[in-house]
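Trainee:
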Amino acid sequence: ISIDDRKLALTNIVFAYIAFLIGTFCGLLQVFIRNDALTLPSWLDYYQVLTAHGVLLALIFTTYFIFGFLISGMSHSLGAFGPKVRLFSWIGFIITTAGTLLAIVEILAGRASVLYTFYAPLQASGWYYVGLALFVVGTWIYSFALIGHYVKWKKQHKKQLSPLFAFMTISTLILWLIACLGVVATVLFQFIPWAFGWVDTINVELSRSLFWYFGHPLVYFWLLPAYMAWYVIVPKIIGGRVFSDSLARLSFVLFILFSIPVGFHHQLTEPGISSFWKFLQTVLTFMVIIPSLMTAFSMFGTFEKTGRQKGATGLFGWFFKLPWKDVRFTSLFIAMFFFIPGGAGGIINASFQLNEVIHNTLWVVGHFHITVGTPVAMTFMGLTFWLIPYLTGRRLTKSIQKLAFIQVISWSIGMLLMSTSQHILGLLGAPRRTAYAGYMKDPTALEWFNGILSNHVTMAIGGTILFLSAMLLIYIVFNTLFFAPKATTEKEQVEFPMAESDLEQTPKYLENWWIWICIAFALIAFAYTIPLSEMIHHAPPGSSGYKTW
Ligand code: HAS
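Number 348 in the numbering used here belongs to position 348 of the sequence shown; there are no gaps in the numbering.
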């Protein structure tokens with residue numbers, strides 16, 4: 001890809017890893033506080049550290065990395081960006097970064113300890129919400145720049161289906177744009193007037209619902225780029241082709257349809273929403289599981305088909321034909337493996353009644369560490385190993401590959417220990433998000449920590465291993481950015497592995513975005529209109545929700 005596009009992509013990836021470095025350090029502090037091994041100095045608050053940890057890793061690291069990856073892949077598959085697309089991408093980057101810095105300053109100043117799910121009644125300073133609004137606007141400009149690049153390609157290639165990577169990028173961006181409407185509405189019309197003191201109250205239930213309208217598809221905004229790597233990059237690395245182009249496209253379309261009207265599954269215990277609407281959104285949540293099951297099927301299909309082409313026999317012969325010594329593959333395979341318990345946990349969470357057991361417990365913390373914290377984050381790590389050398393024109397040396405293996409294996413062990421412990425503690429009843437990490441030495445609480453895996457030590461060891469692994473990753477990033485030897489011959493040059501995809505059988509209507517956007521809005525209207533209007537109607541008179549809506 002062109003030098004200018006490389007610079008753009010690299011800048012995003014570097015910002016992602018700056019956030020990763022600080023965010024993982026806050027994570028280390030978390031486990032020590034929970035272990036009662038660390039008392040924070042008086043100028044640092046528990047919720048402040050927790051907010052920084054969540055915001056830096058879940059929101060900032062992911063978003064910058066995703067845009068770095070999408071920019072690289074779009075430039076690789078559709079050709080170099082034109083000057084306009086590049087200009088708007090940089091404008092998007094600058095606004096996103098301005099918003100990020102403003103939000104971080106507010107967190108560091110102790111004026112925004114509202115956690116990464118910042119819904120009411122917690123209140124931050126008005127400037128924090130301004131920072132968040134800028135962040136979202138910046139990503140929109142980015143998104144439209146990438147969409148513009150795609151539209152130009154489509155005009156030059158009339159009646160042709162776009163390459164799979166581009167199709168998946170556009171699906172991800174459509175999902176992101178529609179999802180953000182909820183958070184933009186609550187930030188602009190509820191939080192900013194409330195936090196700056198222009199109104200006295202806020203409609204809490206409405207703010208939470210608008211947040212989760214955004215908050216659930218947000219997790220698919222993280223997941224879909226990982227799925228892009230699984231569908232498009234993994235087959236190339238293992239020497240195969242995309243299993244089924246239409247299946248891959250359909251699964252992304254299903255995410256556009258079903259990932260948004262499901263936010264109530266985060267609010268099943270809230271009294272302000274009637275059971276009927278909760279149940280309806282629970283059913284829709286089970287619909288959004290389908291594209292993930294399709295992805296699992298497709299992955300097994302790719303492995304088996306490629307394995308058999310290489311001479312594998314029997315039911316599991318393909319397993320031994322996979323390129324285990326290639327860290328680009330192994331990292332992504334482990335990431336997929338973690339998503340089996342991660343996804344199963346999600347299904348448990350989404351089951352209306354079972355949610356009663358796990359809601360607001362450490363189980364949920366365990367769940368998101370084996371969804372966004374491993375399948376997604378480790379896929380991004382696996383991409384980093386070759387993407388940075390690809391963008392910098394440096395070599396992926398043998399010693400770096402060895403370190404990369406140690407990094408992903410240590411991350412897996414750390415995550416396994418920490419998240420297993422969190423899941424068990426959660427089932428026993430340990431609440432999440434409490435600064436009383438020792439649960440005030442309550443005898444019942446102390447019993448939770450008596451198990452072999454469910455004890456503070458496991459969590460602390462797991463968290464420490466994770467931090468060391470993160471530092472190793474930072475070293476790898478630094479090395480491949482600045483110090484690894486330059487690739488001088490073509491053989492040494494790192495490739496962008498993108499598998500071939502057979503377009504012949506793919507129906508053209510899959511790329512008719514307006515059909516999917518209209519159905520998505522119809523489903524959203526169906527799932528949200530009545531419950532939201534009920535919330536607005538029942539908002540306490542005088543509240544900002546009552547006045548604004
Ligand atoms: Fe979740 C809470 C339900 C997926 C992230 N989730 C959270 C929170 C986060 C999060 C961050 O219904 C906490 C928010 C907070 O702070 O309050 N989640 C689901 C469901 C899914 C799901 C149904 N979550 C994710 C993903 C995330 C993520 C993905 C991040 C990226 N989640 C919930 C619910 C809650 C929740 C409730 C609220 C709980 C509460 O009460 O607070 C589904 O999308 C999962 C479907 C996935 C599968 C797995 C498919 C498996 C694949 C791997 C194949 C493997 C291969 C390798 C090929 C069905 C694709 C094979 C190798 C071998 C050797 C065998």
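Ideal placement from N, C-alpha and C gives every residue a C-beta, glycine not left out. Model, not experiment: these values are computed from the prediction.
Spell out a yes or no on whether the stretch 84-99 and the stretch 51-59 are touching, meaning 3 or more CB-CB pairs, one atom from each, closer than 8 Å.
Mentor: The answer is no - the stretch 51-59 does not touch the stretch 84-99, with fewer than three Cβ pairs under 8 Å.
Trainee: Tell whether a beta-carbon distance below 7 Å holds between Ile61 and Ala16.
Mentor: The question names Ile, but residue 61 in the sequence shown is Phe. For Phe61 and Ala16, yes; Cβs fall inside 7 Å.
Trainee: Taking only the alpha-carbon atoms, compute the straight-line gap between Leu10 and Val136 and give it to the nearest angstrom.
Mentor: Each residue's Cα considered, the two are about 20 Å apart.
Trainee: With 16 as the cutoff for other CB atoms within 10 Å, does Ser275 come out buried or exposed?
Mentor: By the 10 Å Cβ count, Ser275 comes out exposed.
Trainee: If I follow the unbroken alpha helix (DSSP H) through Asp5, where does it start and stop?
Mentor: Segment Ile3 to Arg34, the alpha helix (DSSP H) holding Asp5.
Trainee: Need the endpoints of the alpha helix (DSSP H) that Trp140 sits in, please.
Mentor: Unbroken alpha helix (DSSP H) run through Trp140: Gly126 to Gln156.
Trainee: Identify which residue in Gln156, Phe467 and Ile91 has its Cα closest to the Cα of Gly79.
Mentor: Nearest option by C-alpha distance: Gln156.
Trainee: For Tyr128 versus Val187, is the C-beta distance shorter than 7 Å?
Mentor: Against a cut-off of 7 Å, the Cβ pair of Val187 and Tyr128 comes out as no contact.
Trainee: Beta-carbon separation of Arg432 and Val372 under 7 Å?
Mentor: Not a contact, by the Cβ cut-off of 7 Å.
Trainee: If you scan the stretch 276-329 from start to end, which runs of the alpha helix (DSSP H) of 4 or more residues do you find wholly inside it?
Mentor: Within the stretch 276-329, no complete alpha helix (DSSP H) run reaches 4 residues.
Trainee: Quick test of your reading: Val114 and Leu122, contact by CB under 8 Å. State the CB separation rounded to the nearest angstrom.
Mentor: Confirmed, about 4 Å.
Trainee: Going by the DSSP bridge assignment, what does Pro497 pair with across the sheet?
Mentor: Answer by DSSP bridge pairing: none, since Pro497 is not bridged.
Trainee: Cβ of Leu383 within 6 Å of any heavy atom in ligand 1?
Mentor: No, since every heavy atom of ligand 1 falls outside the 6 Å radius drawn around the Cβ of Leu383.
Trainee: For a quick check, are the C-beta atoms of Val85 and Ala19 less than 7 Å apart?
Mentor: Result no, Cβ atoms of Val85 and Ala19 do not sit closer than 7 Å.
Trainee: To the nearest angstrom, how far is the alpha carbon of Thr100 from that of Phe449?
Mentor: Going by the C-alpha atoms only, they are around 37 Å apart.
Trainee: Please list the terminal residues of the continuous alpha helix (DSSP H) segment that includes Arg111.
Mentor: From DSSP, Arg111 is part of no alpha helix (DSSP H); its letter is neither H nor E.
Trainee: If you draw a straight line from the alpha carbon of Val376 to that of Gly342, how long is it in whole angstroms?
Mentor: Approximately 11 Å between the Cα atoms of the pair.
Trainee: Short of 7 Å in beta carbon distance, which residues of its chain neighbour Gln48, apart from the five on each side in sequence? Order them along the chain.
Mentor: So the list reads Ile107, Gly110 and Ser113, once near-sequence residues are dropped.
Trainee: Give a yes or no on whether 7 Å exceeds the smallest Cβ distance from Phe368 to chain D.
Mentor: Here there is only one protein chain, and chain D is not present.
Trainee: Give the straight-line distance between the Cα atoms of Trp549 and Trp363, rounded to the nearest whole angstrom.
Mentor: With a pLDDT of 39 at Trp549, under the threshold of 50, the predicted position of this residue should be treated as unreliable, and no value is reported.
Trainee: Quick check: is any heavy atom of ligand 1 less than 6 Å from the C-beta of His157?
Mentor: Not so, every heavy atom of ligand 1 lies at least 6 Å from the Cβ.
Trainee: Tell me where the alpha helix (DSSP H) around Pro531 begins and ends.
Mentor: Where Pro531 is concerned, the enclosing alpha helix (DSSP H) stretches over Trp513 to His537.
Trainee: Enumerate in chain order the residues of its own chain whose CB-to-CB distance from Lys321 is below 6 Å, with the five nearest sequence positions on each side excluded.
Mentor: These residues qualify, in order along the chain: Gly307, Lys310 and Ala312.
Trainee: If you draw a straight line from the C-alpha of Thr24 to the C-alpha of Ala460, how long is it?
Mentor: Rounded to whole angstroms, Thr24 to Ala460 spans 14 Å at the Cα level.
Trainee: Can you tell me which residues form a DSSP beta bridge with Arg86?
Mentor: Per DSSP, none; premise fails for Arg86.
Trainee: Are Tyr390 and Val457 close, meaning C-beta to C-beta below 7 Å?
Mentor: No, the Cβ-Cβ distance between Tyr390 and Val457 is not below 7 Å.
Trainee: Would you check whether ligand 1 has a heavy atom nearer than 6 Å to the C-beta of Val219?
Mentor: Checking every heavy atom of ligand 1 against the Cβ of Val219, one is found closer than 6 Å.
Trainee: Nearest-angstrom Cα distance between Phe368 and Gln407?
Mentor: Using only the alpha carbons, I get a separation of about 20 Å.
Trainee: Please go through the same chain and pick out, in chain order, the residues whose beta-carbon is closer than 6 Å to the beta-carbon of Asp583, but skip the five residues on each side of it.
Mentor: It is not possible to answer for residue 583, since the shown part of the chain is limited to 1 through 549.
Trainee: With H, G and I counted as helix, E and B as strand and the rest as coil, what does DSSP make of Thr397?
Mentor: If DSSP states are grouped into helix, strand and coil, Thr397 belongs with coil.
Trainee: Between the alpha carbons of Ser533 and Leu453, how many angstroms are there, rounded?
Mentor: Looking at the two C-alpha atoms, the distance is approximately 46 Å.
Trainee: So for Thr361, helix, strand or coil by DSSP?
Mentor: Correct three-state label for Thr361: strand.
Trainee: Is any heavy atom of ligand 1 found at a distance shorter than 6 Å from the C-beta of Ile289?
Mentor: Yes, since a heavy atom of ligand 1 falls inside the 6 Å radius drawn around the Cβ of Ile289.
Trainee: Assign Tyr436 to one of two classes, buried (16 or more other C-beta atoms within 10 Å of its C-beta) or exposed (fewer than that).
Mentor: Tyr436 should be labelled exposed.
Trainee: Tell me whether Leu354 is buried or exposed, calling it buried when 16 or more other Cβ atoms sit within 10 Å of its Cβ.
Mentor: Counting Cβ neighbours within 10 Å, Leu354 comes out exposed, since fewer than 16 surround it.
Trainee: Using three-state DSSP, classify Lys486 as helix, strand or coil.
Mentor: In the structure shown, Lys486 sits in a strand (DSSP, three-state: E or B).
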